[in-house]
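Please read the structure below before turning to the comments.
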Amino acid sequence: MKRFFLFSIFLIGLITATISCKKEPVSNEDNNTPIDTVQHKVYQGDLINPSSEEQQDFYKKRYDIINGNVIFENIKKLYNMEALSNVHYISGYFIIRGNYNLTSLTGLSNLDSIGSYFFIEHNETLENLNALSNLTSVGGELYIREDYFITNLDSLSNLKYIGEDFSIREIHHLKSISGLSNLKFIGGDIYICSNWYLTNLDGFSNDISFSGRTVICLNDSLSDFCGLKPLLSSIQDESDVLILYNLYNPSLEDIMNGNCKQ
Numbered sequence: 000m001k002r003f004f005l006f007s008i009f010l011i012g013l014i015t016a017t018i019s020c021k022k023e024p025v026s027n028e029d030n031n032t033p034i035d036t037v038q039h040k041v042y043q044g045d046l047i048n049p050s051s052e053e054q055q056d057f058y059k060k061r062y063d064i065i066n067g068n069v070i071f072e073n074i075k076k077l078y079n080m081e082a083l084s085n086v087h088y089i090s091g092y093f094i095i096r097g098n099y100n101l102t103s104l105t106g107l108s109n110l111d112s113i114g115s116y117f118f119i120e121h122n123e124t125l126e127n128l129n130a131l132s133n134l135t136s137v138g139g140e141l142y143i144r145e146d147y148f149i150t151n152l153d154s155l156s157n158l159k160y161i162g163e164d165f166s167i168r169e170i171h172h173l174k175s176i177s178g179l180s181n182l183k184f185i186g187g188d189i190y191i192c193s194n195w196y197l198t199n200l201d202g203f204s205n206d207i208s209f210s211g212r213t214v215i216c217l218n219d220s221l222s223d224f225c226g227l228k229p230l231l232s233s234i235q236d237e238s239d240v241l242i243l244y245n246l247y248n249p250s251l252e253d254i255m256n257g258n259c260k261q
């Protein structure tokens, strides 16, 4: 309930600010107003695996808010996310999964808030998350998994709020999470597992409101846990911290006492 209340306050402020600077949509069917004067358009309903033609139509209509859920899953000819270039808010969940030719998230640079969870999963040729540089809030879980060629999370430098769990799993080329330096709130648990080249957790060294479980496992090169110290400072029960099968596996006591790296 506390998480929902905090996110509601955050979201109300965001939407109020958005609406206050937007104009109501103008229909081109009734007048000669050019399409580029339309400042605010809401897509009502879910956007599920749109065809190439449907993506083009969505883009041309310049929707900037989606009042529903969005799924782009197993679309063979999906190379980027340009269909969503005007979207800044999705009220429901957003899934990008199993798109084997997706190399870039170009088109999501205006996206600043997602009301529910956000899954970026099993996009085997995805090279980076650069287009997410304006994302500030994910109301549910943020789940990034099996996007093998992503090397850092620098594009998430404006992300401040994750309402539920935060999972980074099987990003085999991930070397740094320092881009999380502005994260302020995680409402669920943290899972950092099976990221072969990750060496430290410095992205968590800022002041983050967090009281869930922390699971750090199977990161073959991870030997520096010092960045976790601020995050874990309020944890009372050592069973809420599970660290195993990494290059170094300190206990909660080790981390808090400064024996946090090898």
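Residue numbers (numbering that gives the first Met the number 0): 0 to 261. The beta-carbon is built from N, C-alpha and C at its ideal position, and this holds for glycine as well. All figures in this text were calculated on a predicted structure; none of them were measured in a lab.
In or out: residue 257 buried (at least 16 other Cβ within 10 Å) or exposed? exposed
Buried or exposed by the 16-neighbour rule on C-beta atoms within 10 Å, applied to residue 131: buried
DSSP state of residue 75 mapped onto helix, strand, coil: coil
Pull the bridge partners of residue 70 from the DSSP assignment, please. 47, 94
For residue 232, collect the residues of the same chain with a Cβ closer than 7 angstroms to its Cβ; drop the 5 residues on either side in sequence, then sort them by chain order. none
Among 224, 239, 221, whose alpha-carbon lies nearest the alpha-carbon of residue 209? 239
What number of angstroms, rounded off, separates the C-alpha of residue 212 from the C-alpha of residue 179? 18 angstroms
Whose C-alpha, out of 69, 162, 259, is nearest the C-alpha of residue 204? 259
Kindly identify the DSSP beta-bridge partner or partners of residue 184. 160, 208
If you follow the beta strand (DSSP E) that residue 131 is part of, which residue opens it and which one closes it? Note, residue 131: premise wrong, no beta strand (DSSP E); not H, not E.
Whole angstroms are fine: how far does the CA of residue 91 sit from the CA of residue 163? 14 angstroms
Neighbourhood of residue 73 by C-beta, 6 angstroms cutoff - its chain only, sequence neighbours within 5 removed: 97
Since residue 94 and residue 70 are thought to touch, with beta carbons under 8 angstroms apart, how far apart are those beta carbons, to the nearest angstrom? 5 angstroms
Which word fits residue 120, buried or exposed, when buried means at least 16 other C-beta atoms lie within 10 angstroms of its C-beta? buried
If we ignore side chains and look at the alpha-carbon of each, how far apart do residue 197 and residue 38 end up? 42 angstroms
List the endpoints of the continuous alpha helix (DSSP H) containing residue 254. 251 to 255
Would a C-beta distance cut-off of 8 angstroms place residue 110 and residue 133 closer than the cut-off? yes
Nearest candidate by alpha-carbon position, reference residue 236, set 252, 247, 225: 252
Shortest alpha-carbon distance to residue 274 belongs to which of 107, 226, 154, 173? Since the first and last residues shown for the chain are 0 and 261, residue 274 lies out of range.
Range of the contiguous alpha helix (DSSP H) that encloses residue 231: 228 to 231
DSSP three-state call for residue 136: helix, strand or coil? strand
Return the chain-ordered list of same chain residues with a C-beta closer than 6 angstroms to the C-beta of residue 214, the five sequence neighbours on each side being excluded. 190, 241
Whole-Å CB distance - residue 139 paired with residue 160, under 8 angstroms assumed: Wrong, their Cβ atoms sit about 11 angstroms apart, outside the cutoff.
Let me know the secondary structure DSSP gives residue 236 once reduced to three states. coil
Is residue 34 helix, strand or coil by DSSP? Here the model assigns residue 34 a pLDDT of 38, short of 50, so the residue's position is not dependable, and the following value carries that caveat. In this structure, residue 34 counts as helix in the three-state DSSP scheme.
Straight-line gap, residue 137 to residue 118 (C-alpha atoms, nearest Å): 10 angstroms
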